[in-house]
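Structure, as structure tokens:
2 protein chains.
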Amino acid sequence: MVTIYDIAKKANVSPMTVSRVINNSGNIRLTTREKVEKAIKELGYVPNSAARSLTSNQTKTLGLILTDISNPFFSKIARGAEDAAVEVGYRVLMSNTDEDSEKEINYIDMMLSARVDGVLIAPTSDKSLDQIKRLRDHNIPAVLIDRTIEGFMGDYVLGDSYEGSRKLVEHLIDYGHRNIALINGPSNVSTARERQRGYLETLKLNDLPVHENYISEIDFKSVQAGNTQSIVEQLMQLNEKKRPTAIFAANNFIAISVMKALKELGLHVPEDISVVCFDEVEPVVYFDPFFTVAAQPASELGRIGIQFLIERVEQKNVDQERKIILPPDIHIRKSTRRMK
Amino acid sequence: MVTIYDIAKKANVSPMTVSRVINNSGNIRLTTREKVEKAIKELGYVPNSAARSLTSNQTKTLGLILTDISNPFFSKIARGAEDAAVEVGYRVLMSNTDEDSEKEINYIDMMLSARVDGVLIAPTSDKSLDQIKRLRDHNIPAVLIDRTIEGFMGDYVLGDSYEGSRKLVEHLIDYGHRNIALINGPSNVSTARERQRGYLETLKLNDLPVHENYISEIDFKSVQAGNTQSIVEQLMQLNEKKRPTAIFAANNFIAISVMKALKELGLHVPEDISVVCFDEVEPVVYFDPFFTVAAQPASELGRIGIQFLIERVEQKNVDQERKIILPPDIHIRKSTRRMK
DNA sequence: TAATTTTATGTTACCGGTAACCGAAAGCGC
DNA sequence: GCGCTTTCGGTTACCGGTAACATAAAATTA
Chain W
1 MVTIYDIAKK ANVSPMTVSR VINNSGNIRL TTREKVEKAI KELGYVPNSA ARSLTSNQTK
61 TLGLILTDIS NPFFSKIARG AEDAAVEVGY RVLMSNTDED SEKEINYIDM MLSARVDGVL
121 IAPTSDKSLD QIKRLRDHNI PAVLIDRTIE GFMGDYVLGD SYEGSRKLVE HLIDYGHRNI
181 ALINGPSNVS TARERQRGYL ETLKLNDLPV HENYISEIDF KSVQAGNTQS IVEQLMQLNE
241 KKRPTAIFAA NNFIAISVMK ALKELGLHVP EDISVVCFDE VEPVVYFDPF FTVAAQPASE
301 LGRIGIQFLI ERVEQKNVDQ ERKIILPPDI HIRKSTRRMK
Chain R
341 MVTIYDIAKK ANVSPMTVSR VINNSGNIRL TTREKVEKAI KELGYVPNSA ARSLTSNQTK
401 TLGLILTDIS NPFFSKIARG AEDAAVEVGY RVLMSNTDED SEKEINYIDM MLSARVDGVL
461 IAPTSDKSLD QIKRLRDHNI PAVLIDRTIE GFMGDYVLGD SYEGSRKLVE HLIDYGHRNI
521 ALINGPSNVS TARERQRGYL ETLKLNDLPV HENYISEIDF KSVQAGNTQS IVEQLMQLNE
581 KKRPTAIFAA NNFIAISVMK ALKELGLHVP EDISVVCFDE VEPVVYFDPF FTVAAQPASE
641 LGRIGIQFLI ERVEQKNVDQ ERKIILPPDI HIRKSTRRMK
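From first to last, the protein sequence lines stand for chains W and R.
Per this note's numbering, the very first residue in the first sequence carries number 1; after that it's consecutive.
Per this note's numbering, the very first residue in the second sequence carries number 341; after that it's consecutive.
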């Protein structure tokens with residue numbers, strides 16, 4: 001591998017001069033610079049980041065810890081994040097926790113040994129706080145994305161789960177629905193809690209009773225989750241007065257498994273029952289917008305998250321904690337219908 | 341930041357002993373090992389990969405160069421790749437070229453300076469060969485994924501575009517279609533060429549004429565591509581005898597923009613026209629399988645690609661070039677119908 | 001018990017850069 | 001022509017590990 005020493009020898013200067021040319025630091029005579037640049041080109045030299053980071057104490061690398069990039073919501077976050085990072089000269093290491101705190105721990109280890117300059121993370125649960133503290137102990141700033149965790153002090157970038165939830169339920173009520181079930185994600189994830197809060201408060205504000213068995217909890221991610229089937233069946237078996245006329249699915253994946261379950265029961269959406277959810281259902285939305293959703297600006301979340309992170313890394317605006325909460329866009333489409 | 345020197349001091353041994361404990365190399369007395377491990381735990385030491393890679397000449401990091409992880413096909417590849425890499429102790433740096441060779445060059449530079457041990461790449465076009473050569477010059481193995489490029493010598497992992505294409509067209513012909521249009525990706529991408537070859541040969545084998553204006557080329561990625569509209573309009577303006585009764589879209593994104601274009605023309609699928617495409621249209625397929633597609637095992641492609649790459653990195657099986665071509669699954673669904 | 005081998009640990013140098021310091025050459029004022 | 005300031009470039013040491021070699025202590029053998 002070509003090093004600055006090879007360049008130095010070829011250009012007949014000291015390695016330090018080569019370093020100076022590369023980093024545009026210090027005073028270098030034009031003729032010397034040209035000699036060195038010629039040698040660099042001829043030998044195809046590329047600086048060794050590892051060596052550089054050893055003295056500079058920064059790697060120009062950021063860690064991205066998400067639950068699953070094959071989930072369109074997260075892949076958009078990842079894309080926005082990567083774009084923002086590259087624009088200002090950072091690399092991105094990616095990882096997928098699958099909502100599993102064991103995996104999360106391992107990835108944090110990986111990020112630590114890679115000496116990333118910062119981490120953008122969608123924590124698996126409140127227990128993640130310990131892991132983030134571990135980063136802190138090593139002076140690695142972390143910015144939370146999509147989810148908060150109790151006790152975390154620092155920046156975060158979120159979609160407004162509460163507000164989106166309120167508007168979705170408001171819309172259903174507006175359409176004449178009174179029996180609205182919520183199929184939520186796990187309550188140890190903040191977005192699930194917020195969506196439930198929005199759901200409950202909106203019902204209350206509209207003087208609608210809350211039925212205990214209207215609320216259930218499943219995994220946020222498994223599209224083919226078997227338990228959705230039984231949850232939906234139970235809801236549909238309630239007597240006519242109590243049977244929900246609308247289901248609020250806490251995210252797009254849950255919505256899809258709900259659709260599947262309803263289909264198996266021979267029910268049609270929206271004729272027999274309305275369905276709303278969080279997050280866009282891509283890419284069908286482009287030619288056949290079907291779901292009434294609260295669409296979150298995922299790519300924007302990723303972009304802002306990285307911007308915040310880099311500001312922390314580079315010690316700008318260290319004075320305050322910033323909490324950006326981006327409102328979702330409510331798109332009323334064909335999965336909801338007005339009650340007669 | 342805690343180093344082995346801090347550990348050494350605390351445990352009252354030499355740094356080398358600490359290194360040996362960490363790497364399980366050499367002979368260490370049990371009591372010494374325990375002393376050192378205690379110190380490591382107490383100080384929360386994590387090895388510095390950069391320093392390590394400086395002597396070992398490997399970073400345990402792989403580069404993943406794809407066109408766009410927010411495209412479900414590539415995000416699945418990325419997921420499969422990341423999983424396979426982590427399983428054997430490698431990290432993954434990700435990047436998105438957007439089919440842009442400029443960006444590709446920059447990312448190759450990034451990978452070079454990061455001294456990744458290997459690169460898994462979906463090249464933007466045949467011109468990418470120069471970039472891959474640049475990696476070679478630095479002794480960094482590259483494995484191609486999804487696409488081949490002319491003149492490349494090495495491993496690659498592909499979906500069988502030719503075979504998938506043949507089967508899709510075969511299916512359309514079987515359903516009685518005679519006028520089949522192809523809306524292809526750019527011909528400087530191998531998958532587009534292969535899909536066109538499959539299309540042409542299948543027509544020929546069935547003694548169907550090829551109309552020049554049945555074949556058009558657009559971008560592989562922009563869902564909202566304006567030019568799809570005009571292409572579809574032109575096809576639909578052909579006189580009744582020549583007007584295509586089926587469109588073969590070269591990938592899922594093109595299919596979606598075709599659907600949109602057809603919709604704007606007031607045409608229904610499959611009543612007025614049939615549509616087939618490459619790649620699954622996720623995640624709707626789980627509750628409402630609509631498109632007749634040639635589904636590629638994306639995650640599997642990523643996984644195998646990384647396996648091949650790591651074997652190259654670790655110098656196993658260096659003797660031969662391996663070319664894995666995974667067959668797509670043809671799913672006949674509702675976007676195609678039998679001609680009367 | 002002395003010689004020899006094995007085990008356990010330390011010392012030194014190096015990986016590829018860069019910060020900090022230093023000195024020669026060139027420019028400048030008088 | 002002499003002293004002073006800039007400009008330009010070199011030397012040295014260090015970042016945090018590890019390979020290679022060296023050596024002390026313990027175990028084995030003669």
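Note that the Cβ used here is the ideal one computed from N, Cα and C, for glycine as well.
Just so we're clear, the structure is a prediction, and the values are computed from it rather than from any experiment.
Write down every uninterrupted run of the alpha helix (DSSP H) in the region 411 to 448 of chain R whose length is 4 residues or greater and which is fully enclosed by it, in chain order. Correct list: 412 to 427.
Per-residue contacts from I69 (chain W) into chain R (C-beta, under 7 Å):
Locating residue 69 (chain W) in the first sequence gives position 69, counting from the first residue. Correct list: I409, S415, A418, R419.
- Could you please give me the residues that DSSP links to A521 (chain R) through a beta bridge? Taking the first residue of the second sequence as 1, we reach residue 521 (chain R) at position 181. DSSP lists R:I587 as partners of A521 (chain R).
Subject >> Selection from W:Q320, W:G159, W:T124, W:Y214 that minimises the alpha carbon distance to E102 (chain W) >> reply: Numbered from 1 along the first sequence, position 102 holds the residue referred to as residue 102 (chain W). Comparing Cα-Cα distances from E102 (chain W) to each of W:Q320, W:G159, W:T124, W:Y214, the minimum goes to W:T124.
*Measuring from the CB of V189 (chain W), is there a heavy atom of the ligand SAM at a distance below 7 Å?*
With respect to small molecules bound, the structure shown includes none, and the ligand SAM cannot be examined in it.
Q.
Helix, strand or coil for V119 (chain W)? Go by DSSP, reduced to three states.
A. As a working mapping, residue 119 (chain W) is identified with position 119 in the first sequence. Strand, per DSSP.
Item to check | C-alpha gap between G491 (chain R) and L469 (chain R), whole angstroms | outcome: The residue given as residue 491 (chain R) occupies position 151 in the second sequence. The residue given as residue 469 (chain R) occupies position 129 in the second sequence. In a straight line, the C-alpha of G491 (chain R) is about 7 Å away from that of L469 (chain R).
query: Hey, Y214 (chain W) and P244 (chain W) are a contact pair by Cβ (cut 8 Å); roughly how many whole angstroms apart?
result: By one-based count along the first sequence, residue 214 (chain W) stands at place 214. By one-based count along the first sequence, residue 244 (chain W) stands at place 244. That pair is a contact at about 6 Å.
Short of 9 Å Cβ to Cβ, which residues in the region 521 to 550 of chain R face chain W? Those would be none; no residue qualifies.
Using a Cβ-Cβ distance under 8 Å, would R322 (chain W) count as near chain R?
Looking up residue 322 (chain W) in the first sequence gives position 322. Using a CB distance cut-off of 8 Å, R322 (chain W) does not count as an interface residue toward chain R.
message: Between D477 (chain R) and chain W, is any beta-carbon pair separated by less than 8 Å?
response: In the second sequence, the residue the question calls residue 477 (chain R) occupies position 137. Chain W, which has a Cβ nearer than 8 Å to the Cβ of D477 (chain R), makes this yes.
- What are the uninterrupted segments assigned as beta strand (DSSP E) that are 3 or more residues long and contained completely in the region 479 to 521 of chain R, given in chain order? The region 479 to 521 of chain R contains these whole beta strand (DSSP E) runs: 482 to 485, 496 to 499.
Return the Cβ separation of I409 (chain R) and S299 (chain W) in integer angstroms, given the expectation that the two are a contact with Cβ distance under 8 Å.
The residue labelled residue 409 (chain R) in the question sits at position 69 within the second sequence. The residue labelled residue 299 (chain W) in the question sits at position 299 within the first sequence. Not confirmed; about 11 Å, so no contact.
> Counting along the chain, where does the beta strand (DSSP E) carrying G63 (chain W) start and finish?
Replying inline: Here residue 63 (chain W) refers to the residue found at position 63 when the first sequence is read from its first residue. Element bounds for G63 (chain W): 61 to 66.
Worksheet entry | 9 Å Cβ cut-off: residues of chain W touching D449 (chain R) | For the purposes of this step, residue 449 (chain R) is taken as the residue at position 109 of the second sequence. Going along chain W in sequence order, the residues near D449 (chain R) (Cβ under 9 Å) are V46.
Is there at least one Cβ from chain R nearer than 8 Å to M1 (chain W)'s Cβ? Here residue 1 (chain W) corresponds to residue number 1 of the first sequence, with the count starting at 1. Chain R, which has a Cβ nearer than 8 Å to the Cβ of M1 (chain W), makes this yes.
Span of the beta strand (DSSP E) around K323 (chain W): Here residue 323 (chain W) is taken as the residue at index 323 of the first sequence, counted from 1. Judged by DSSP secondary structure, K323 (chain W) falls within the beta strand (DSSP E) whose first and last residues are 323 to 326.
*Would a C-beta distance cut-off of 8 Å place F220 (chain W) and F248 (chain W) closer than the cut-off?*
Here residue 220 (chain W) corresponds to residue number 220 of the first sequence, with the count starting at 1. Here residue 248 (chain W) corresponds to residue number 248 of the first sequence, with the count starting at 1. Taking 8 Å as the Cβ cut-off, F220 (chain W) and F248 (chain W) do not qualify as a contacting pair.
When you compare the CB of L301 (chain W) with every CB in chain R, is at least one pair closer than 8 Å? Position 301 of the first sequence holds residue 301 (chain W). Interface annotation, L301 (chain W): not in contact with chain R, CB-CB separation never under 8 Å.
Starting from D137 (chain W), trace the alpha helix (DSSP H) both ways and give me its first and last residue. Here the question's residue 137 (chain W) lines up with position 137 in the first sequence. Unbroken alpha helix (DSSP H) run through D137 (chain W): 128 to 137.
request  = Please work out which residues of its chain come closer than 7 Å, Cβ to Cβ, to I304 (chain W), disregarding the five sequence neighbours upstream and downstream, and give them in chain order.
outcome  = Stepping through the first sequence from its first residue, residue 304 (chain W) is reached at position 304. V157, I324, listed in sequence order.
- Going by alpha carbons, who is nearest to S354 (chain R) out of R:L370, R:N364, R:S365, R:V376? Within the second sequence, numbered from 1, the residue matching residue 354 (chain R) stands at position 14. The shortest C-alpha separation from S354 (chain R) is found at R:V376.
Any idea if N545 (chain R) is buried or exposed, counting beta-carbon neighbours within 10 angstroms, 16 or more meaning buried? If you number the second sequence from 1, residue 545 (chain R) lands on position 205. For the record, residue 545 (chain R) in the displayed sequence is Leu; it is not Asn. Classification of L545 (chain R): exposed, given that the 10 Å Cβ count is below 16.
Note to self: Spatial neighbours of N23 (chain W) within its chain, please: C-beta separation below 7 Å, excluding the five flanking residues on both sides.
What the structure shows: Translated into positions along the first sequence, residue 23 (chain W) becomes position 23. Leaving aside the five residues that flank N23 (chain W) on each side, none in its chain has a CB nearer than 7 Å to its CB.
* Asked: Taking Cβ-Cβ distances below 7 Å as the criterion, which residues of the region 376 to 407 of chain R are in contact with chain W?
  -> Going along the region 376 to 407 of chain R in chain order, one finds G384, V386, P387, N388, S389, A390, A391, S393, L394, T399 with a Cβ nearer than 7 Å to chain W.
Q. Would you call the CB atoms of E552 (chain R) and P526 (chain R) closer than 8 Å?
A. Taking the second sequence and counting its residues from 1, one reaches residue 552 (chain R) at position 212. Taking the second sequence and counting its residues from 1, one reaches residue 526 (chain R) at position 186. Contact: no.
From the DSSP output, in three-state form, read off S570 (chain R) for me. For the purposes of this step, residue 570 (chain R) is taken as residue 230 along the second sequence, with counting starting at 1. In this structure, DSSP gives S570 (chain R) a helical state, which the three-state scheme calls helix.
#### Entry: Residue from W:I149, W:E201, W:K60 whose Cα sits closest to the Cα of T191 (chain W)
Walking along the first sequence from the start, residue 191 (chain W) turns up at place 191. Nearest to T191 (chain W) by C-alpha distance, out of W:I149, W:E201, W:K60, is W:I149.
- prompt: With T407 (chain R) and Y515 (chain R) assumed to form a contact (beta carbons below 8 Å), what rounded beta-carbon distance in angstroms separates them?
  reply: Locating residue 407 (chain R) in the second sequence gives position 67, counting from the first residue. Locating residue 515 (chain R) in the second sequence gives position 175, counting from the first residue. Contact annotation, T407 (chain R) with Y515 (chain R): C-beta distance approximately 32 Å; criterion of less than 8 Å not satisfied.
### Query
Using CA coordinates, which residue listed in R:M451, R:K381, R:Y502 is at the minimum distance from T61 (chain W)?
Within the first sequence, residue 61 (chain W) is the residue found at index 61, counting from 1. That would be R:M451, whose Cα lies nearest to the Cα of T61 (chain W).
**OP:** Name, please, each residue of chain R whose Cβ falls closer than 7 Å to the Cβ of A114 (chain W).
**Re:** In the first sequence, residue 114 (chain W) corresponds to position 114, counting from 1. The contact set of A114 (chain W) on chain R, defined by CB atoms closer than 7 Å, consists of S389, R431 in chain order.
For this session: Using only alpha-carbon positions, find the residue among W:K38, W:S25, W:K316 that is nearest to A8 (chain W).
Result: Taking the first sequence and counting its residues from 1, the one referred to as residue 8 (chain W) is at position 8. Answer by Cα proximity: W:K38.
**Asked** Alpha carbon to alpha carbon, how far is E573 (chain R) from A586 (chain R)?
**Response** For the purposes of this step, residue 573 (chain R) is taken as the residue at position 233 of the second sequence. For the purposes of this step, residue 586 (chain R) is taken as the residue at position 246 of the second sequence. Spanning the two alpha carbons is a distance of roughly 14 Å.
Query raised in the report: Does any CB atom of chain R fall closer than 8 Å to the CB of P15 (chain W)?
Result: To locate residue 15 (chain W), count along the first sequence from 1; it is residue 15. Closer than 8 Å: no.
* Proximal residues of chain W, C-beta to C-beta of S434 (chain R) below 7 Å -> The residue you call residue 434 (chain R) lines up with position 94 of the second sequence. In the sequence on display, residue 434 (chain R) carries Met and not Ser. Under the 7 Å cutoff, chain W gives E82, V92, M94.
- Message: With a threshold of 8 Å, are at least 3 pairs of Cβ atoms found where one atom belongs to the region 48 to 60 of chain W and the other to the region 382 to 400 of chain R?
- Response: Counting Cβ pairs under 8 Å, three or more are found: they touch.
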